[in-house]
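See structure below.
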Amino acid sequence: MKEELIENLFQYTEAFASDNEPLGAMKGHEVENMFNVERPYPPLLRRPAYPAFPRARKVLETHLNEMMKLGFLRKAGYNEEVEVTTPVIITWHNNKSRMVANVRELNTYTVPDRYPSPRIHGTFTQ
1 MKEELIENLF
11 QYTEAFASDN
21 EPLGAMKGHE
31 VENMFNVERP
41 YPPLLRRPAY
51 PAFPRARKVL
61 ETHLNEMMKL
71 GFLRKAGYNE
81 EVEVTTPVII
91 TWHNNKSRMV
101 ANVRELNTYT
111 VPDRYPSPRI
121 HGTFTQ
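First residue of the sequence shown: 1, per our numbering; consecutive thereafter.
The structure is reproduced here in C-alpha cells:
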C-alpha cells in the first residue's frame with residue numbers, strides 16, 4: 001500500500017505546491033463558488049476590515065501582496081462596488097504568521113458541494 005501511495009503522489013505532482021505553483025492546482029478542475037442568495041448580497045457578506053496592530057498590519061500587507069501577485073486576489077478601488085469581502089486577521093504560532101479569514105457568514109450563503117471531499121481516514125481504510 002505504501003508503494004501505491006508513493007506512486008500516486010508522483011503521478012499527480014501538479015496537485016501539490018511547488019516553486020511555480022505555490023498553492024498547488026489541478027488545471028481543468030477549478031471550483032466555482034455559488035451562493036444561495038441573489039445580488040445585491042446581504043450586508044454580512046460585505047464586512048469592513050478588522051483593526052490591526054502595526055506589526056500585524058505589516059505582515060498582513062505582505063501576505064496580501066503575495067496573493068495578489070499570484071493572481072488569487074485583486075485590489076478593489078474605494079469607489080468600486082464590492083460584492084463580497086472577507087475580513088482577515090494575522091495570528092501567530094511559534095513566531096510565524098498565518099493569515100486567517102473569517103468565512104463563517106460566507107459559508108451560510110454558499111451552496112454545499114454535491115460530492116463533499118472524502119475523509120482521509122476513510123480513504124486509507126478502504
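Idealized CB from N, CA, C, for every residue including glycine.
Boundaries (first-last residue) of the alpha helix (DSSP H) holding Met-67:
54 to 69 is the span of the alpha helix (DSSP H), which, as asked, contains Met-67.
Closest residue to Leu-64 among Leu-44, Leu-45, Thr-110, Thr-86 (Cα-Cα distance):
It is Thr-86.
Using DSSP with H/G/I as helix, E/B as strand and the rest coil, what is Arg-104?
Reduced to three states, the DSSP call for Arg-104 is helix.
According to DSSP, what are the bridge partners of Val-88?
As a beta-bridge residue in DSSP terms, Val-88 pairs with Ala-101.
Who are the near neighbours of Arg-119 in its chain, counting only those whose CB is closer than 7 angstroms to its CB and skipping five residues on each side?
Contacts found: none.
Measure the C-alpha to C-alpha separation of Val-37 and Thr-108 and round it to an integer number of angstroms.
When the Cα atoms are used, Val-37 and Thr-108 turn out to be separated by approximately 10 angstroms.
Provide the residue span of the alpha helix (DSSP H) that contains Phe-35, from first to last.
No alpha helix (DSSP H) holds Phe-35; DSSP gives it neither H nor E.
Report all residues from its chain with a CB closer than 6 angstroms to the CB of Ser-97; omit the five preceding and five following residues, and keep chain order.
Correct list, in chain order: Val-59, Ile-90.
Please state the DSSP three-state secondary structure of Lys-96.
Reduced to three states, the DSSP call for Lys-96 is strand.
DSSP puts Arg-46 in a beta bridge; with which residues?
Paired residues: Thr-85.
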